[in-house]
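Residues 1197 to 1464 in this note's numbering are what the sequence shown spells out, letter by letter.
Glycine included, every Cβ here is placed at the ideal spot set by N, Cα and C.
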Amino acid sequence: MSTNAGPSTSMTTSTGTGTSRRLGTVVSPHVLDNPAWASLSGAHAAFAERAARPEADPSSSSRAARYPSDVSPFAALADPADPDSWADLRRLVGDGGTAALAGVLTPPDGWETVGSVPGVQLVDTSLRAEPAPEAVRLGPRDVPEILGLIDLTKPGPFLPRTVELGTYLGIRHHGRLIAMAGERLRPPGWTEISAVCTHPDHRGGGLATRLVRAVAAGIRERGDVPFLHTAASNTTAIRLYQSIGFTLRRRPSFMAVRAPCNTAANFS
């Protein structure tokens, strides 16, 4: 399929409030502006944890969700500009509880930002996707070895059940896992490539590129377009991704927020 991401690739920027702006005009939000919510509401709905709504409104669906704590650290809001979304998130995490969010620049009054990492989101516009014959499928039995490689290379959060989110491929050398990459968020029409890492002793041989191309080939086969995130400070990775066919789309922030601690607050 075509990997042309359309006008939002270069002309749309996130406002951090659930809407986007294109050439000064407010337009409908792009699904990649809120990919965690789109994933938890779609392909990853089976993973979604949601808090019960108030008794006064029990029939409506919660406007906040999160992954189980052993799958992914991310939570998501249906609309960061909607007070009901934040009220639902507070019900979900509890008073003083924390949540990891993407794309929210300023939480509402009473919420505390306890950590923030500027990031970038890149989309596939001209990537050459192709299988890697030497790559093997990784699964639950490989998790201890995966976690060891993650701990050594620090590509981002990876938990004991993250491997359940999609296809993860690895390359082994003399039986030892030395490189990997896989799929994480899956908003409609898109799949995120994540956990791209190579053992320090084997860098410089193009293993990461081969794995990214191989994961992308599987994504393309089912009709999705690859995209990915990385820290804005990771300029080496950004240059690599751009050199093989990814284009910068937006600059989201990844942050941890803490809910208000006032247990007497009215959530209704």
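Assign P1314 to one of three DSSP states: helix, strand, or coil.
strand
List in chain order: all unbroken alpha helix (DSSP H) runs of 4+ residues lying wholly within the region 1337 to 1382.
1339 to 1349
Which of the three DSSP states, helix, strand or coil, is assigned to S1235?
helix
Since I believe L1285 is in contact with A1325 (beta carbons under 8 Å), could you give me their beta-carbon distance rounded to a whole number of angstroms?
Contact flag wrong, Cβ pair sits at about 36 Å.
Using alpha carbons as the reference points, say which of A1283, F1270, I1374 lies closest to A1452.
F1270
Are the region 1438 to 1448 and the region 1312 to 1319 touching by the rule of at least three beta carbon pairs closer than 8 Å?
yes
Could you give the DSSP three-state label for P1279: helix, strand or coil?
helix
T1405: buried (16+ other C-beta within 10 angstroms of its C-beta) or exposed?
buried
Within the chosen definition, does the region 1426 to 1443 reach the region 1392 to 1412 through at least 3 CB pairs nearer than 8 Å?
yes
Proximal residues to G1335 (C-beta, below 7 Å), its chain only, five neighbours per side dropped
V1359
The alpha helix (DSSP H) that contains I1389, what's its start and end?
That residue, I1389, is in no alpha helix (DSSP H); its beta strand (DSSP E) goes 1386 to 1394.
How would you call D1347, buried or exposed, if buried means at least 16 neighbouring beta carbons within 10 angstroms?
exposed
Which listed residue (T1349, V1313, V1289) has its alpha carbon closest to that of P1448:
V1313
Give the secondary structure of T1302 by DSSP, where H, G and I count as helix, E and B as strand, and everything else as coil.
coil
In the DSSP assignment, the beta strand (DSSP E) including S1449 goes from what residue to what residue?
1449 to 1454
Any idea which residues DSSP pairs A1260 with across the strands?
L1273
For A1295, write down the residues that DSSP places opposite it in a beta bridge.
V1453
Helix, strand or coil, according to DSSP, for D1229 in the structure here?
helix
Three-state secondary structure (DSSP) of V1289
helix
Beta-carbon within less than 8 Å of P1384's beta-carbon, same chain only, minus the 5 sequence neighbours each way: which residues are those?
V1227, A1234, G1238, A1239
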